[in-house]
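Residue numbers for the sequence shown follow the working numbering, so the first one is 69 and each next one is one higher. Note that the Cβ used here is the ideal one computed from N, Cα and C, for glycine as well. Heads up, the thing below is written out as C-alpha cells.
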Amino acid sequence: ILSLTITVILALAFIEEPSSLTVTSDVRYRLPAWNPPCGLTESLELLCFLVFVVDVSVKSYLIGWKEFWKNKWLMAYILTLIVSLTDWIVSLSFFCKESVRIRRILRPFFLLQNSSMMKKTLKSINSTLPEMASVVLLLAVHLSLFTMFAMLLFARTKDNQQDKEWVVYFRNLPDSLTSLLVLLTTANNPDVMIPAYSKNRAYSIFFILFTVLGNLFLMNLLTAIIYNQFRGYLLKSVQSSLFRRRLGIRAAFEVLSSLKETPASAQQSCVSVGALLQVLQKAEMDSRCKQAIMRSLKMCSCDQLSAAQFQKLFEELDKDAIKQHPPSPEYQSHFMQKMQFAFGHPCFGYLGNVVALANIISICVVLVMDADKQPSERDDFFLGAINCFFILYYLLEMLLKILAMGLRRYLSYPSNRFDGLLTVILLILEIATFAVYGFPHPGWRPEFMGLLSLWDMVRLVNMLIVFRFLRIIPNMKFMALVVTTLLDLVKNLRAFAGILVVVFYAFAITGIMLFKGAVKKNSKAEFTGSCVHINLVLYFKEKKKVLSWCSAHFQAGVVYCLLYVLSVHLICRWAKIYFVAWWLISSVIWVNLFVALLLENFIHKWDRRCQRESLSGIEYQRTVELMFRDVLEEPTEEELMEKLHQHPHLQLCR
C-alpha cells in the first residue's frame, strides 16, 4: 500500500497543471492539454497524505518516544508532512491558482525515506563529499585561470571582423566563464573555438590544453576518487550487514540452546535438531532456504548442533539460487531420440543465429534499395515474402526445440522465453497482415485498411525481427558477461536508480516552476519569453535545433536532455545557477558514481571465481553481499558474545 501510494503521489505531476498529457511537446503544434479541475488531484493527494500520516504514526509508536528524537529521518518525515499539508490547504484556499507549490518538490522525500538502501547510499555519497570537493575546487581553479587567459587572449581589438570570438563567447567575465564551463561538458565543442581558429590556428592550443586538463585528467580523477571512496564505504556497509546476520543467527542459537531439549550434561552449548526443526516449521523465510536447511538437518547424523555447525547451516541464506532446469522428456522411439539429440544440440541454436543474421541482412538490403523510393513506387512483395519465409522458420525452430527439450525445460531458459514470445507475436502480426491485405505478390502495395497500413505492419514486423536478433547474446561469452553485469546492476543496485529518480523529479519540478510559459507563441507564429534572448529564434535556425527548446522541455517536466548538454548561454544569467547545479549533481557526481559502481560490478563479474558457486548439486550466483565475500571478515566468537550481552532485549543465562 505504501509503495502504491508513493507511486500515485509522484505520478500526479504528469496530470497537474501544466499537464504533460500531449502527443508533442512543441508549443507550435500541440493542442491545449487537459488540466484536471480544482480538487481532483488535491483529493488524491489528501488520501496519500493520510496513508503517510498512518505510516509515520505507527513507526513512531513502535520505536518509542525516546528513540523517536534520535531518528532524524522520522522527524524529517513529520516535518515534510506538515509543510505539505500546509501547502495543500493554501492551494485550496486560492482555488488551485497559485503558481508555486512547495509540496511538489518535497514529494521525492517519501520515496527516499521508504528505502533503507537509498538512505545508506546517501550516507555513502555524503562520506565522499570531502574528497569530491577537493577535485571540484581544483576544477573551479582550472576554470577560473583559463577564463582569465581567455579574456586576455581574445580581448577586443579595433577590427570588428576579427572580434567574433570576443563578441560571441568572451565579451565579459560571466560570458567567458559560461563558455568555458559549457566547453568542459563538450556541448559547444568545436563551435567555441571556430572564430579564433579561423583567425589563427595557434589559438587551438588554448582550447586543447583546457579540454585535456579538464576532461581527461580532472574529470577522470574525480571518477577514481568516487570509486575508491564508495567502494570502501560499500565494503564497510556489507561487513556490517554480515555482522548483523551472524549476530542474529548466534542469538537464535543461544535462545534455542536454553530450551529443555538440550541435555544438562552437555559440556558446551548445543541445539537439539528436533527443536530446530520445530522452529523452522513456524519460521517465515524463503522457501528454498528453508528446504535446503531442513534437508541438511535430515542428512545430519548427530542429534545436537554446536555453534559452528549451527552457523554453517544458515549460510544458505547468503546465496541466491539459480532455478534448476527441468529434465528433458525421455522418448522410447529410436527415431525420436535422434530427433531430440539433433534439435537439442547447441549447433541447432547456432544455425538459428545464422538464419536470424541472414534475415537482418536481407532486411537491410531491401531497405537500402527502397530508401529513395516514394511510397507509391515501393513494392512490398520482396520484404513481405522474406518475412513470411523467416517467420515460418522461427516457428518451426521453436516447435522443434519444444519437441527436443519439453515445454517446461524450454520455458525455463530466459532466452527461449524471449525467442518464443517474439516468434508468437511475429506470427500473429503476419496472420493479421495476410487477413487484411492478402498474400504477398508482385506490386503488393494495397491502400490503407484497418488500424495500420501495410507499410506500418511490415515495419512493425521488421522491428521485432531486429529485436529478436538479441538472442545471440547468450552465445557470445564476453557480450553475455556485459549484459549480466547490467542486469545485476538493475537487480542489486535499485537504490541508486531510486535516488536518480529523486534527483530528476526534484529538478524537473523546479524547472517547471522556473520556466513554465517562458516561451510563448504569438499571432505571428514567433516565440517570445523572459528566459530567452531576443536572438533565440535566429540561433536555433542557424544551429538547426528545436525551436521551442525552453518551453518544450520544462513545460513537460523533462530534464534528461540536459544531462550532457548545458546550453546555458541561451537563458538569463540568474537561471545559470539552476543548470550548473543540475550539471554538478547529475553529470559530475552521479554519473561518476554510476561509472564507479559499474566498474565494481564488472570487475567482480570478470573474476570467474566470483561468478558462481556449487553446493549440494545446486548452482548459486553472487548477490551484492557476496561480491565482497572474499574480502569480508567473519566476526569472532568474542565479538558476537560481547554484542549479545549488551543487547537490551536479550537476557542470556551465561
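Using a 10 angstroms sphere on the CB of D448, the tally of other CB atoms reaches 16 or more, which defines it as buried. In this structure S308 is exposed. Its beta-carbon is surrounded by fewer than 16 other beta-carbon atoms within 10 angstroms. The criterion of a C-beta distance shorter than 9 Å is satisfied by P394 and R477.
The shortest C-alpha to C-alpha distance from L568 to any of I77, K187, R171 is the one to K187. Straight-line spacing of the CA atoms in P508 and T253 works out to 51 Å. Separation of G132 and H717 (C-alpha to C-alpha, rounded to the nearest whole angstrom) is 14 Å. Residue environment for W102: exposed (fewer than 16 other C-beta atoms within 10 angstroms of its C-beta). Per the coordinates, the alpha-carbon of L281 lies some 23 Å from the alpha-carbon of L667. The alpha-carbon of R224 is positioned some 6 Å away from that of D231. Following the DSSP letters along the chain, one finds L160 inside the alpha helix (DSSP H) bounded by residues 140 to 161.
Per the coordinates, the alpha-carbon of W651 lies some 18 Å from the alpha-carbon of I293. Between the beta-carbon of E113 and that of I150 there is about 14 Å, and that puts the pair past the 8 Å contact cut. Cβ-Cβ distances below 7 Å link Y461 to V423 in the same chain, with the five nearest sequence neighbours on each side left out; the list follows chain order. Going by beta carbons, I653 and F535 fall outside the 9 Å limit. In the DSSP annotation of this structure, the continuous segment of the alpha helix (DSSP H) that includes C456 starts and ends at 449 to 473.
By the Cβ test, the segment 353 to 364 is in contact with the segment 376 to 384, since at least three Cβ pairs between them sit closer than 8 Å.
L667 is bridged by DSSP to nothing; it lacks a bridge partner. The beta carbon of L468 sits closer than 6 Å to the beta carbons of F411 from its chain, once the five residues preceding and following it are set aside; these are given in chain order. Cβ contact annotation for V347 (same chain, cutoff 6 Å, sequence separation greater than five): none. Residue environment analysis places G316 among the exposed positions, since fewer than 16 neighbouring C-beta atoms fall within 10 angstroms of its C-beta. Under the DSSP assignment, P176 falls in the alpha helix (DSSP H) whose first and last residues are 176 to 181.
Straight-line spacing of the CA atoms in C116 and F378 works out to 45 Å. Contact between the segment 168 to 182 and the segment 143 to 160 is present: three or more C-beta pairs spanning the two stretches fall below 8 Å. DSSP places N421 in the uninterrupted alpha helix (DSSP H) bounded by 414 to 437. The beta carbon of A264 lies closer than 6 Å to those of E233, Y271 in the same chain, with the five residues before and after it left out. In the assembly as shown, S152 is a buried residue. Its beta-carbon has 16 or more other beta-carbons within 10 Å. Note on S93: 16 or more other CB atoms within 10 angstroms of its CB, so buried under the neighbour-count rule. In the DSSP assignment, M709 falls within the unbroken alpha helix (DSSP H) covering 705 to 713. Counting only residues of its own chain and dropping the five nearest sequence neighbours on each side, I83 has a CB closer than 7 Å to the CB of L89, P104, T109. In this structure, I454 lies near V434, with their beta-carbon atoms less than 9 Å apart. Each of C338, L211, R313 was checked against the Cα of L324, and the nearest Cα belongs to C338.
The continuous alpha helix (DSSP H) containing G579 extends over residues 562 to 583.
Straight across, the Cα-Cα distance linking R269 with L221 is about 13 Å. For V91, the number of other beta carbons within 10 angstroms of its own is below 16, and it is reported as exposed. Of the residues assessed, I577 falls on the buried side of the cut-off, its CB having 16 or more other CB atoms within 10 angstroms.
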